[in-house]
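Data first, discussion second: the structure below is written as structure tokens.
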DNA sequence: TTCTTGATTGACAACGTTGTCACGAGAGCA
DNA sequence: TGCTCTCGTGACAACGTTGTCAATCAAGAA
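Residue numbers (my numbering), protein chains in the order written: chain X, 53 to 391; chain H, 53 to 391.
What follows is the structure in structure tokens.
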């Protein structure tokens with residue numbers, strides 16, 4: 053690899069002068085600059101990050117720690133969002149996933165420390181409370197899609213309450229009154245918040261919320277889930293007073309509702325409106341008809357997490373609380389106003 | 053951050069001695085070792101990677117460059133596989149995605165060089181031929197899910213020919229004779245190879261391959277695709293002599309076939325067998341009934357790519373050709389033997 | 001006893017970079 | 001002319017680590 057020294061030798065100037073030119077430092081004689089720049093070009097000089105970091109003590113590497121990427125594929129968007137934000141400052145991302153193993157996670161934290169990462173985004177796959185016990189990074193950690201149990205760390209999370217509200221309101225505005233709800237695992241923060249949002253929408257619309265139409269589409273515990281939305285939806289749709297619309301906790305659940313409806317000869321959206329959550333385009337755009345859903349703003353969450361981390365420490369105190377990111381409605385063809 | 057110097061001062065030994073203990077170097081007096089180790093513990097010393105790298109010239113960072121992660125979500129598994137392999141040697145992964153923008157890609161290559169990455173995995177989202185014009189990494193690059201047009205770089209790719217063969221054979225063995233095929237974009241290497249594999253299976257089984265039953269489920273060009281599998285399947289299933297089974301180029305396409313079948317009152321697998329490709333569990337395990345499919349071994353591809361890169365240069369020549377990774381059949385409930 | 005050997009330890013340099021300080025040359029001023 | 005001032009440049013140190021070599025010491029050999 054070419055070093056400043058080599059370029060300096062070729063250009064007949066001192067190392068420092070080359071360094072100055074590379075870094076757009078104080079004024080350098082135009083002629084010198086031009087000559088050196090030519091040599092930089094020819095030799096294809098690229099600064100050595102390790103040396104820079106050692107000298108300056110400041111790192112351009114950030115870490116992203118995640119508990120498990122595998123399960124919800126579009127969480128990649130958190131990574132993409134983070135990278136988009138880092139890119140502006142020529143920073144880079146070291147990615148690590150613990151797959152939920154505490155030993156592994158401890159090892160990864162050490163790795164981050166070895167690389168002296170400038171900050172860490174801790175991304176959870178599910179919106180939930182999480183305790184990151186990592187004193188070494190106390191002041192340079194941002195939680196994405198989860199939040200600190202004791203609220204002492206900045207965190208960027210989806211506005212699930214409003215997301216649930218959006219789902220319900222969308223259907224209520226279109227005249228639906230009997231609305232089925234197929235939920236996720238109740239332990240998830242998301243489930244609780246969205247439930248609250250839906251109730252708020254019902255209350256605002258002056259519609260009685262029928263608890264009996266709210267059922268779990270997933271059984272088992274986190275990590276060992278079993279989807280039962282197909283059966284649940286089928287049951288619901290065979291009842292005498294069947295719902296005219298179903299709110300799903302996930303596009304995945306919506307997918308099963310589609311097949312349940314099809315099995316009963318009900319077509320969407322004519323006989324049944326369905327609204328999803330997540331906007332996994334792999335599903336929402338593939339379903340037929342395409343699924344109206346509320347998007348989980350993973351990209352934006354990743355972007356903001358880095359943004360908060362890059363902010364001067366002084367401002368950080370302001371953002372020490374949770375930052376909510378809106379979940380936008382994505383309108384497609386799975387809902388119909390009630391005649 | 054704690055340095056060797058600080059630990060040495062506390063322990064009353066030289067820097068070098070501490071270094072030796074940290075690195076399990078030559079014999080050190082047991083008593084000294086114990087004492088120093090205690091101090092290392094207490095001060096929570098973690099070696100500075102940048103300094104090590106500068107001193108030794110060897111980097112423990114690898115790069116992963118990808119053209120676009122966004123589209124096919126389970127490609128994350130390439131990353132996971134790569135990380136699994138790196139983990140054994142305490143190496144780490146710097147991830148970059150160009151989103152297909154050449155300028156951005158050039159910038160990312162510079163970034164990799166600045167970090168002096170030890171090697172690069174270039175992962176494409178689609179199995180295809182690709183030219184990585186990156187002289188600086190000439191000898192430390194491995195292609196994953198794509199291969200060098202001029203064949204001068206090691207590449208790890210799925211064995212699509214055998215994948216197609218597996219799909220067809222599975223159905224043929226179960227007595228199916230009229231088999232519909234819904235394919236991907238013909239420009240993809242995968243499409244061509246799988247087609248060949250299927251023809252091979254038909255030939256082996258002595259069954260006439262009916263070209264008229266092979267249709268595109270996706271129209272448009274890469275990046276601007278439009279799924280038409282629903283319509284295509286519907287059409288196919290309404291013909292007089294309709295197929296008893298359909299082979300799909302993707303689980304996503306299979307999803308649309310499911311809905312087409314449902315719309316026509318055909319139930320799976322009673323009236324129609326369906327086999328997919330990819331094993332995106334998000335789809336294959338959510339469909340009802342669950343989808344029998346052939347898995348794209350992304351994890352294994354990522355793992356092997358790193359493995360090849362970590363191999364001593366001497367052996368590299370041996371693996372200069374393409375390495376094919378088997379696509380295993382994942383049997384679920386969407387196929388039935390023909391009575 | 002004296003010499004040799006091996007075990008244990010430390011001093012020093014170097015990796016590539018940049019901050020600090022200083023030097024020389026020419027310009028502007030008295 | 002002699003002074004200061006500015007501009008452009010370079011010498012040097014330091015960041016934290018490890019490879020090289022040498023120094024010290026105790027034990028065993030002659």
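Ideal Cβ positions, reconstructed from N, Cα and C, are used throughout, including at glycine.
Only a predicted model underlies this, so the values are computations on that prediction, with no experimental measurement involved.
message: Contact between the stretch 342 to 354 of chain X and the stretch 187 to 202 of chain X is defined here as three or more beta-carbon pairs at a separation below 8 Å; is this criterion met?
response: Flag = yes, the stretch 342 to 354 of chain X and the stretch 187 to 202 of chain X touch.
query: Quick one, are the C-beta atoms of residue 223 of chain H and residue 379 of chain H less than 8 Å apart?
result: no
query: Given a threshold of 16 other Cβ atoms within 10 Å of its Cβ, counted over all protein chains shown, does residue 101 of chain H qualify as buried or as exposed?
result: It counts as buried.
query: Count the other CB atoms within 10 Å of the CB of residue 271 of chain H; is the residue buried (16 or more) or exposed (fewer)?
result: exposed
Exposed unless 16 or more other CB atoms sit within 10 angstroms - verdict on residue 219 of chain X: buried
task: Answer yes or no: does any C-beta atom of chain X fall closer than 8 Å to that of residue 165 of chain H?
output: It does: the Cβ of residue 165 of chain H has a partner Cβ on chain X nearer than 8 Å.
message: Let's test the definition: count the other Cβ atoms within 10 Å of the Cβ of residue 68 of chain H and tell me whether it reaches 16, buried, or not, exposed.
response: exposed
- prompt: Sorted by chain position, which residues of the same chain lie with C-beta nearer than 8 Å to residue 74 of chain X's C-beta, five sequence neighbours on each side aside?
  reply: 56, 92, 97, 99
message: Could you pull the DSSP bridge partners for residue 117 of chain H from this structure?
response: H:148, H:174
task: With DSSP as the reference, please indicate the residues paired to residue 199 of chain X in a beta bridge.
output: X:181
- prompt: Looking only at C-alpha atoms, which of H:148, H:141, H:279, H:336 sits nearest to residue 138 of chain X?
  reply: H:148
- request: Only counting runs of 3 or more residues, tell me where the beta strand (DSSP E) segments fall wholly within the stretch 201 to 236 of chain X, in order along the chain.
  value: The DSSP assignment places 207 to 210, 231 to 235 as complete runs of the beta strand (DSSP E) inside the stretch 201 to 236 of chain X, in order along the chain (cut-off: 3 residues).
task: Could you have a look at residue 57 of chain H and say whether DSSP puts it in helix, strand or coil?
output: helix
field: Selected residue, minimal CA-CA separation from residue 231 of chain H, among H:291, H:249, H:295, H:253
entry: H:295
task: Taking 8 Å as the cut-off, decide whether the C-beta atoms of residue 170 of chain X and residue 116 of chain X are in contact.
output: No, these two residues do not count as a Cβ contact at 8 Å.
message: Let's see if you can read the secondary structure: which residues bound the beta strand (DSSP E) around residue 328 of chain X?
response: Boundaries of the beta strand (DSSP E) harbouring residue 328 of chain X: 325 to 330, taken from the DSSP string.
field: chain X contacts made by the stretch 320 to 342 of chain H, where a contact means CB separation under 8 Å
entry: Contacts with chain X (Cβ-Cβ distance below 8 Å) from the stretch 320 to 342 of chain H involve 332, 334, 335, 337, 338, 339, 340, listed in chain order.
query: Skipping 5 residues on each side, what residues in its chain have a beta carbon closer than 6 Å to that of residue 335 of chain H?
result: 303, 307
message: By DSSP's criteria, residue 298 of chain X is part of a beta bridge. Which residues make up the other side?
response: X:232, X:326
- prompt: Hey, residue 172 of chain H and residue 192 of chain H are a contact pair by Cβ (cut 8 Å); roughly how many whole angstroms apart?
  reply: 7 Å
field: Rounded C-alpha distance that separates residue 237 of chain H from residue 243 of chain H
entry: 7 Å
task: Using a Cβ cut-off of 8 Å (strictly closer), state whether residue 246 of chain X contacts chain H.
output: no
- prompt: What number of angstroms, rounded off, separates the C-alpha of residue 327 of chain X from the C-alpha of residue 339 of chain X?
  reply: CA-CA distance, residue 327 of chain X to residue 339 of chain X, rounds to 12 Å.
- prompt: Where do the ends of the alpha helix (DSSP H) carrying residue 285 of chain X lie?
  reply: 281 to 290
For residue 84 of chain H, three-class secondary structure by DSSP: Helix at residue 84 of chain H.
- request: Put residue 267 of chain H into one of helix, strand or coil per three-state DSSP.
  value: Here residue 267 of chain H sits in strand by DSSP.
message: Measuring alpha carbon to alpha carbon, tell me which residue in X:251, X:212, X:262, X:291 is nearest residue 381 of chain X.
response: X:212
- request: Just grab the DSSP bridge partners of residue 193 of chain H for me.
  value: H:172
message: Using beta carbons (cut-off 8 Å, strictly below), is residue 310 of chain X in contact with chain H?
response: Yes, contact with chain H.
query: Nearest chain X C-beta to residue 349 of chain H closer than 8 Å, yes or no?
result: no
- request: Identify the contact partners of residue 162 of chain H in chain X, using a Cβ-Cβ distance below 7 Å as the criterion.
  value: 98
query: Under 8 Å, do residue 362 of chain H and residue 141 of chain H count as touching if we go by C-beta distance?
result: yes
query: Nearest CA to the CA of residue 86 of chain X: which residue from X:108, X:181, X:63, X:261?
result: Considering only X:108, X:181, X:63, X:261, the residue with the shortest C-alpha distance to residue 86 of chain X is X:63.
- prompt: What is the DSSP secondary structure of residue 339 of chain X, reduced to helix, strand or coil?
  reply: coil
message: Do residue 234 of chain H and residue 276 of chain H have their beta-carbon atoms positioned less than 8 Å apart in this structure?
response: no
task: Measure the C-alpha to C-alpha separation of residue 94 of chain H and residue 61 of chain H and round it to an integer number of angstroms.
output: Answer to the nearest angstrom: the Cα atoms are 13 Å apart.
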